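One structure below.
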Amino acid sequence: MRLPKVEKLRLMEALWSDLTSIGDGFESPSWHEAALHETEGRYKSGEEQRVDWAEAKRRLRSHS
């Protein structure tokens, strides 16, 4: 898709909001659990830092 990052983020947020409103009808892919455990390990070891969603969006938008 040839859209600016800001527009892609807006679309992603709209899709995510719609998907999460469905409730239990959505099942995460099996690889999500492994990815979450890897991220948790990096966070606990200090390799990664927590960033809230508003800050993450600000950072992504500043790179577009």
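Using our numbering, read the sequence shown as starting at 1 and increasing by one per residue. By construction, the Cβ of each residue, glycine as well, lies at the ideal position given by its N, Cα and C atoms. Source: prediction; values computed, not measured.
When the five nearest sequence neighbours on each side are left out, no beta carbon in the same chain lies closer than 6 Å to the beta carbon of Trp31. Rounded to whole angstroms, Lys8 and Ser28 show a C-alpha spacing of 21 Å. Per DSSP, His63 lies in no alpha helix (DSSP H) and is assigned neither H nor E.
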